[in-house]
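Trainee: Below are the structure tokens for one structure; questions will follow.
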Amino acid sequence: MRFLIFISIFLGDLLKIDFANYRLFVFIEQTLRNKRSTKFLFSCFLNLKRNSNKRKSRSFIPYALVPISFYGYNKEKLSVYLTRELAENIRKFIPRRLQLQEKWKLVYSLDHHGSSLLTLYLKSSQNRGVFSSRPGFVLVVKDSNNNIFGAFINEYFHPSTSYYGSRECFVWKVVSNDSLDDINGVACRFKAFMPTGINDFMILCDNSFLSIGGGDGKYGLWIDGQLEKGISTSTQTFNNDPLSDSVRPGQRFDIIGVEVWKI
Numbered sequence: 001m002r003f004l005i006f007i008s009i010f011l012g013d014l015l016k017i018d019f020a021n022y023r024l025f026v027f028i029e030q031t032l033r034n035k036r037s038t039k040f041l042f043s044c045f046l047n048l049k050r051n052s053n054k055r056k057s058r059s060f061i062p063y064a065l066v067p068i069s070f071y072g073y074n075k076e077k078l079s080v081y082l083t084r085e086l087a088e089n090i091r092k093f094i095p096r097r098l099q100l101q102e103k104w105k106l107v108y109s110l111d112h113h114g115s116s117l118l119t120l121y122l123k124s125s126q127n128r129g130v131f132s133s134r135p136g137f138v139l140v141v142k143d144s145n146n147n148i149f150g151a152f153i154n155e156y157f158h159p160s161t162s163y164y165g166s167r168e169c170f171v172w173k174v175v176s177n178d179s180l181d182d183i184n185g186v187a188c189r190f191k192a193f194m195p196t197g198i199n200d201f202m203i204l205c206d207n208s209f210l211s212i213g214g215g216d217g218k219y220g221l222w223i224d225g226q227l228e229k230g231i232s233t234s235t236q237t238f239n240n241d242p243l244s245d246s247v248r249p250g251q252r253f254d255i256i257g258v259e260v261w262k263i
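Using UniProt numbering, read the sequence shown as starting at 1 and increasing by one per residue.
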């Protein structure tokens with residue numbers, strides 16, 4: 001009897017019973033009361049279940065992503081620190097809606113636009129898009145020891161008196177050997193640090209600094225207004241490693257490159 005009730009519930013859900021097909025449901029229920037039909041209906045139930053599982057499994061087939069391409073700069077005059085290999089690693093951790101975007105635009109470069117945080121804000125604002133498009137931005141930093149690290153944020157950089165950004169944000173670093181060339185080789189290792197949920201101190205900026213991650217007076221990444229010095233320590237926001245290996249955690253490191261990319 002329990003089996004008959006279970007079959008009835010399953011078929012009811014499968015047929016999405018409403019008032020229009022109520023009579024069909026009553027017919028099925030009456031049929032189930034006939035014990036001679038139980039064996040046959042049980043076989044039908046198993047076949048329906050198998051087909052349902054097959055449909056579900058097909059829906060989880062991963063989609064093929066188009067390789068990332070860069071634009072927004074003169075490739076003959078400007079070399080960028082974000083490589084395609086690095087971009088593909090970052091892509092794995094960004095929201096799914098943005099993983100489908102294969103074109104990444106360079107909106108700010110220290111080498112091209114100059115060392116001004118206000119210019120970085122201006123270029124970011126000009127590429128913020130509309131609410132429906134919800135773009136993301138990738139910050140790339142290179143220090144004087146050739147360390148490459150940065151962050152993904154889901155809002156454009158702008159001055160604010162309070163933190164902004166959601167738990168889609170994260171910080172990342174490339175762990176490699178001594179030379180920059182290793183970033184394009186097998187020696188490099190990409191590490192992403194996702195939000196812990198302890199706090200929501202994602203992004204805090206004003207005219208004198210830019211910061212990502214925080215808590216207890218620490219910053220996951222802090223950059224001064226001239227884009228010359230930075231600080232990185234472990235934070236409650238991301239439980240991250242210090243992003244720069246050039247200096248001890250909490251000490252200032254020298255910046256030689258900054259880029260902001262729009263996805």
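Positions of the beta carbon are idealized from the N, C-alpha and C atoms, including for glycine.
Small disclaimer: the values here were computed from a predicted structure and weren't measured.
To which residues of the same chain is residue 236 closer than 6 angstroms at the C-beta, ignoring the five residues directly before and after it?
Mentor: Closer than 6 angstroms at the Cβ level, and outside the excluded window around residue 236, lie 198, 199 and 215.
Trainee: Take residue 119 and list the residues in its own chain whose beta-carbon comes closer than 8 angstroms to its own, dropping the five residues that flank it on each side.
Mentor: Correct list, in chain order: 108 and 113.
Trainee: Three-state secondary structure (DSSP) at residue 173?
Mentor: In the structure shown, residue 173 sits in a strand (DSSP, three-state: E or B).
Trainee: Among the residues of its own chain, which have a CB less than 6 angstroms from the CB of residue 239, if the five just before and after it don't count?
Mentor: Contacts found: 196.
Trainee: Checking 8 angstroms against the spacing of the C-beta atoms, do residue 202 and residue 166 come in under that value?
Mentor: Yes. Within cutoff.
Trainee: Is the distance from the Cβ of residue 188 to the Cβ of residue 171 below 8 angstroms?
Mentor: No, these two residues do not count as a Cβ contact at 8 angstroms.
Trainee: In chain order, which continuous runs of the beta strand (DSSP E) of length 3 or greater are located wholly inside the stretch 214 to 240?
Mentor: Listed in chain order, they are 218 to 224 and 229 to 231.
Trainee: So the candidates are 161, 150, 66 and 87; which of them puts its Cα closest to the Cα of residue 173?
Mentor: With distances taken between Cα atoms, residue 173 lies closest to 150.
Trainee: Inspect the beta-carbon positions of residue 68 and residue 138 and report whether they are closer than 8 angstroms.
Mentor: No. Outside cutoff.
Trainee: According to DSSP, is residue 111 part of a helix, a strand, or is it coil?
Mentor: Correct three-state label for residue 111: helix.
Trainee: Who are the near neighbours of residue 180 in its chain, counting only those whose CB is closer than 6 angstroms to its CB and skipping five residues on each side?
Mentor: Caution is warranted here: a pLDDT of 44 is assigned to residue 180, below 50, making its placement in the model unreliable, and the coordinate value is therefore given only provisionally. These residues qualify, in order along the chain: 146.
Trainee: Out of 135, 143, 141 and 160, which one is the CA nearest neighbour of residue 154?
Mentor: Nearest C-alpha to residue 154: 135.
Trainee: Assign residue 86 to one of two classes, buried (16 or more other C-beta atoms within 10 Å of its C-beta) or exposed (fewer than that).
Mentor: Buried, since its Cβ has 16 or more Cβ neighbours within 10 Å.
Trainee: Where does residue 244 fall in DSSP's three states?
Mentor: Looking at residue 244 - three-state DSSP - the assignment turns out to be coil, as it is neither helix nor strand.
Trainee: Check for me: the alpha helix (DSSP H) holding residue 121 runs from which residue to which?
Mentor: Unbroken alpha helix (DSSP H) run through residue 121: 117 to 126.
Trainee: Does the Cβ-Cβ distance between residue 222 and residue 211 come in under 8 angstroms?
Mentor: Yes, Cβ-Cβ distance for residue 222 and residue 211 is below 8 angstroms.
Trainee: According to DSSP, is residue 76 part of a helix, a strand, or is it coil?
Mentor: Three-state result, residue 76: coil.
Trainee: Identify the continuous beta strand (DSSP E) that holds residue 204 and give its terminal residues.
Mentor: Here the beta strand (DSSP E) through residue 204 covers 203 to 206.
Trainee: Between the C-alpha atoms of residue 142 and residue 225, what's the straight-line distance to the nearest angstrom?
Mentor: Near 16 angstroms, if we compare the C-alpha coordinates of residue 225 and residue 142.
Trainee: So the candidates are 169, 205, 206 and 204; which of them puts its Cα closest to the Cα of residue 192?
Mentor: It is 169.
Trainee: In its own chain, which residues sit with a C-beta less than 6 angstroms from the C-beta of residue 250, not counting the 5 before and 5 after it?
Mentor: Result list for residue 250: 233, in chain order.
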